[in-house]
Amino acid sequence: MAKGIPLMGRGPDGKAKMINVDENGNVKVQLKDQITSSVGRMAVRTSEPVKLDIPTYDGGGQPVHPSVVYIPHGFGPNGYPYWMAFTPFTNADPQTENPSVVASYDGINWEVPPGLTNPIAGPLSSGSEFYADPSLVYDGNNNVLELWYNGPNDNVYRSRSSNGVTWSTPVVVHQGSWSERILLTRGRVWQMFIKANRETMGRRISLDEGNTWTYPMEVLSNWNGAILHYTAQQLGAGGLHFLIAGSDTYGYTMQSNLYYGYSVEGGYVYVDEIPLLTPNPESDWYNARI
182 MAKGIPLMGR GPDGKAKMIN VDENGNVKVQ LKDQITSSVG RMAVRTSEPV
232 KLDIPTYDGG GQPVHPSVVY IPHGFGPNGY PYWMAFTPFT NADPQTENPS
282 VVASYDGINW EVPPGLTNPI AGPLSSGSEF YADPSLVYDG NNNVLELWYN
332 GPNDNVYRSR SSNGVTWSTP VVVHQGSWSE RILLTRGRVW QMFIKANRET
382 MGRRISLDEG NTWTYPMEVL SNWNGAILHY TAQQLGAGGL HFLIAGSDTY
432 GYTMQSNLYY GYSVEGGYVY VDEIPLLTPN PESDWYNARI
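Okay, so the sequence shown: first residue is 182 according to the numbering used here, each after it adds one.
If you want it as structure tokens, here you go:
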């Protein structure tokens, strides 16, 4: 069994379990119901959300699906520590949903880096096809940014940049399912998180730099609603942190809340059942859904 590759199985009692080998070769077994019963409230919001002004190439100012990386020593010719990939979604028009990149010195004020013209890809010539759901990854070993995003025919594309301004010609690195988030975790283990359907979260693993991927494994331990979108980040040693836009039933016109989830050592994802953020009827920008 390869390190970093979790396997699903069932014990003699029929309960689902996940088996993983950490970087030291230790075998760890996690039962699906153990994390649900042993984890309490994990995150509490301590301030009101701040509306960010993100420049969009079409001038609509309606960005969605942000993916942010923080590079403490800075990146690119201007040394920005914060980089974000996103797509506009102006008036819910998918033809505007083309991958774009901005940068920031403080994580609050964002700008298009000098020399960069957005979008990085698109728009597509066909009115029925579009790009969506970018993931931005910083590969510290090679000091490059990687932009992953979804496209026609359930393709996942990847483009690289050594300065955040000039991007390589995108290549298809996966076919058959769109990704919600791509992560490069310890030991150069690539993880692709997908929506297996409208209620579950799946994870694929790659150990060959994203060229081949495992069959998706369901990783949610306690979720009973619908998932619109979610994001994930690795913070600290081994833990993955998730923000999930979810609701009781699926639909982009339904009210949705923001939930926090956590996964230890590539195991199941436990979602805090108390929302981290709910729509505020008095807000001028998050009064209906998140």
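Note that CB positions come from ideal geometry on N, CA and C, so glycine has one too.
Give the single residue among the options whose Cα lies nearest to the Cα of residue i.
{"i": "Pro-294", "options": "Val-346, Ser-228 and Val-452", "result": "Val-346"}
{"i": "Glu-447", "options": "Gly-427, Val-400 and Leu-424", "result": "Here residue 447 is Gly; the residue named in the question, Glu, does not match the sequence. The option with the nearest alpha carbon to Gly-447 is Val-400."}
{"i": "Pro-236", "options": "Gly-257, Asp-274, Thr-395 and Val-282", "result": "Val-282"}
{"i": "Pro-456", "options": "Gly-427, Ser-360, Asp-465 and Tyr-261", "result": "Gly-427"}
{"i": "Val-450", "options": "Asn-461, Trp-404 and Glu-310", "result": "Trp-404"}
{"i": "Gln-243", "options": "Tyr-251, Ile-252, Trp-371 and Leu-233", "result": "Leu-233"}
{"i": "Ala-284", "options": "Tyr-263, Thr-381, Glu-278 and Pro-247", "result": "Tyr-263"}
{"i": "Thr-393", "options": "Ile-408, Gly-357 and Ile-301", "result": "Gly-357"}
{"i": "Leu-439", "options": "Val-445, Ile-425 and Asp-429", "result": "Ile-425"}
{"i": "Glu-390", "options": "Arg-379, His-355, Gln-415 and Thr-381", "result": "His-355"}
{"i": "Asn-259", "options": "Leu-297, Tyr-338, Ser-360 and Tyr-467", "result": "Leu-297"}
{"i": "Val-325", "options": "Asp-335, Ile-289, Leu-365 and Asn-331", "result": "Leu-365"}
Which word fits residue i, buried or exposed, when buried means at least 16 other C-beta atoms lie within 10 angstroms of its C-beta?
{"i": "Trp-291", "result": "buried"}
{"i": "His-254", "result": "exposed"}
{"i": "Glu-327", "result": "buried"}
{"i": "Gly-383", "result": "buried"}
{"i": "Arg-362", "result": "buried"}
{"i": "Ala-273", "result": "exposed"}
{"i": "Ala-266", "result": "buried"}
{"i": "Arg-385", "result": "buried"}
{"i": "Asn-299", "result": "buried"}
{"i": "Ile-471", "result": "buried"}
{"i": "Gly-257", "result": "buried"}
{"i": "Lys-376", "result": "buried"}
{"i": "Tyr-443", "result": "buried"}
{"i": "Glu-278", "result": "buried"}
{"i": "Leu-416", "result": "exposed"}
{"i": "Gln-372", "result": "buried"}
Between which two residues does the beta strand (DSSP E) containing residue i stretch?
{"i": "Ala-224", "result": "Unbroken run through Ala-224: none, as it is neither H nor E."}
{"i": "Ile-301", "result": "It is not in any beta strand (DSSP E) - Ile-301 carries neither H nor E in the DSSP assignment."}
{"i": "Thr-268", "result": "261–269"}
{"i": "Phe-374", "result": "370–376"}
{"i": "Gln-436", "result": "No beta strand (DSSP E) contains Gln-436, which DSSP labels as neither H nor E."}
{"i": "Ile-471", "result": "Element bounds for Ile-471: n/a, residue is neither H nor E."}
{"i": "Trp-329", "result": "325–332"}
{"i": "Gly-427", "result": "421–428"}
{"i": "Phe-256", "result": "244–256"}
{"i": "Ser-309", "result": "No beta strand (DSSP E) contains Ser-309, which DSSP labels as neither H nor E."}
{"i": "Ala-284", "result": "281–285"}
{"i": "Tyr-451", "result": "450–452"}
In whole angstroms, what separates the C-alpha of residue i from that of residue j?
{"i": "Ser-340", "j": "Tyr-411", "result": "22 angstroms"}
{"i": "Phe-270", "j": "Ser-343", "result": "27 angstroms"}
{"i": "Gly-406", "j": "Gly-321", "result": "36 angstroms"}
{"i": "Val-245", "j": "Ala-313", "result": "9 angstroms"}
{"i": "Glu-463", "j": "Ala-469", "result": "10 angstroms"}
{"i": "Thr-459", "j": "Pro-351", "result": "37 angstroms"}
{"i": "Arg-226", "j": "Ser-306", "result": "43 angstroms"}
{"i": "Gly-240", "j": "Phe-423", "result": "30 angstroms"}
{"i": "Tyr-396", "j": "Asp-465", "result": "42 angstroms"}
{"i": "Ser-387", "j": "Val-452", "result": "25 angstroms"}
{"i": "Tyr-441", "j": "Ala-224", "result": "7 angstroms"}
{"i": "Gly-303", "j": "Pro-280", "result": "8 angstroms"}
{"i": "Trp-329", "j": "Val-318", "result": "8 angstroms"}
{"i": "Pro-333", "j": "Glu-310", "result": "6 angstroms"}
{"i": "Leu-421", "j": "Asn-323", "result": "22 angstroms"}
{"i": "Val-250", "j": "Gln-276", "result": "26 angstroms"}
{"i": "Ser-248", "j": "Thr-430", "result": "25 angstroms"}
{"i": "Trp-348", "j": "Ser-316", "result": "14 angstroms"}
{"i": "Ser-437", "j": "Val-337", "result": "26 angstroms"}
(message) At 3 residues or longer, what runs of the beta strand (DSSP E) sit wholly inside the stretch 331–417?
(response) 336–342, 352–356, 362–366, 370–376, 382–387 and 407–415
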